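Residue numbers (the numbering used here), protein chains in the order written: chain A, 890 to 1001; chain B, 342 to 455.
Where is the CB? At the ideal position from N, CA and C, for every residue including glycine.
Here the structure is a predicted model, which means the values were calculated and not measured.
What follows is the structure, encoded as structure tokens:
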């Protein structure tokens, strides 16, 4: 069984705080790691796709890193804003079958 | 303009009925997917088509049958609906089927079987 695990399950922070969450995945047969942002009542939207060990991606105040040898990725949000409130999903491709295995997400609430 | 649109948004039906959920993408993508959000909120892949060819067929009951009349459409037909089929179903597409391709999701169809 191939599991993608995310922690914490939920997180409450104050506006202006920086925060980060973790995605863990089996490091064998790794192909790609995706991060998605899912706002309530909307569809999940892709943030990053990373494939190489040591990859770092950035989009505004959000950035992500990838360690394929130890099987984890971090998502960082600098200076959280209320509009960052969403569920952040990670997903991993573990083989060449094009299947994405999703974690259950980290639900972030940013208080004004 | 909605990139990936699925209809209906809500579907309430009786056990034993047959129903369909439709999905269309106007992004010119080659690959489309159906995901089911399970009771623990995980998104689980069900099917994927690439240019009308079935490329992923997970272990789902054969009451579920996908149909792709062209690469812009992927419909999901469910026969003899059961209580356990109640869930949110998401359609998605990607430009190609490569490992780097990000998914574009529809807004989901909440299916309730009574």
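Counted within 10 angstroms of its Cβ, other Cβ atoms place residue i as buried (16 or more) or exposed
| i | result |
| --- | --- |
| residue 437(B) | exposed |
| residue 403(B) | exposed |
| residue 391(B) | buried |
| residue 398(B) | exposed |
| residue 970(A) | exposed |
| residue 1000(A) | exposed |
| residue 943(A) | exposed |
| residue 410(B) | exposed |
Residue nearest to residue i in terms of C-alpha spacing, selected from the options
| i | options | result |
| --- | --- | --- |
| residue 978(A) | 944(A), 996(A), 931(A) | 996(A) |
| residue 917(A) | 982(A), 963(A), 954(A), 899(A) | 982(A) |
| residue 435(B) | 454(B), 428(B), 427(B), 444(B) | 444(B) |
| residue 959(A) | 968(A), 913(A), 903(A), 988(A) | 913(A) |
| residue 401(B) | 347(B), 351(B), 376(B) | 376(B) |
| residue 348(B) | 442(B), 430(B), 410(B) | 430(B) |
| residue 387(B) | 423(B), 373(B), 454(B) | 373(B) |
| residue 939(A) | 412(B), 396(B), 432(B), 440(B) | 440(B) |
| residue 446(B) | 353(B), 378(B), 352(B), 361(B) | 378(B) |
Partner residues on chain C for residue i, Cβ-Cβ distance less than 8 angstroms
| i | result |
| --- | --- |
| residue 994(A) | Reference to chain C is not applicable here, since the protein chains of this structure are A and B. |
- prompt: Just by C-beta distance, which residues in the region 369-383 of chain B are closer than 7 angstroms to chain A?
  reply: 381, 382, 383
- prompt: Is the region 895-904 of chain A touching the region 987-996 of chain A in the sense that three or more CB pairs, one from each, lie closer than 8 angstroms?
  reply: yes
task: Using a Cβ-Cβ cut-off of less than 9 angstroms, list which residues of the region 970-991 of chain A approach chain B; keep chain order.
output: 976, 978, 980, 982, 985, 986, 987, 988, 989, 990, 991
- request: Please determine if the region 946-957 of chain A and the region 348-365 of chain B are in contact, where contact requires at least 3 C-beta pairs separated by less than 8 angstroms.
  value: no
query: Going along the region 433-445 of chain B in order, which residues come within less than 7 angstroms of chain A, judged by CB to CB distance?
result: 438, 440, 441, 443, 444
task: Quick one: which unbroken beta strand (DSSP E) runs of 3-plus residues sit fully inside the region 393-438 of chain B? Chain order, please.
output: 394-398, 405-411, 414-419, 428-435
field: Within 9 angstroms of chain B by C-beta, residues of the region 923-936 of chain A in sequence order
entry: 923, 925, 927, 930, 931, 932, 933, 934, 935, 936
query: What are the complete beta strand (DSSP E) segments, minimum 3 residues, inside the region 943-1000 of chain A?
result: 945-948, 951-956, 961-966, 975-982, 989-991, 995-1000
field: Members of the region 381-402 of chain B that neighbour chain A once the beta carbon cut-off is set at 9 angstroms
entry: 381, 382, 383, 384, 385, 386, 389, 391, 396, 397, 399
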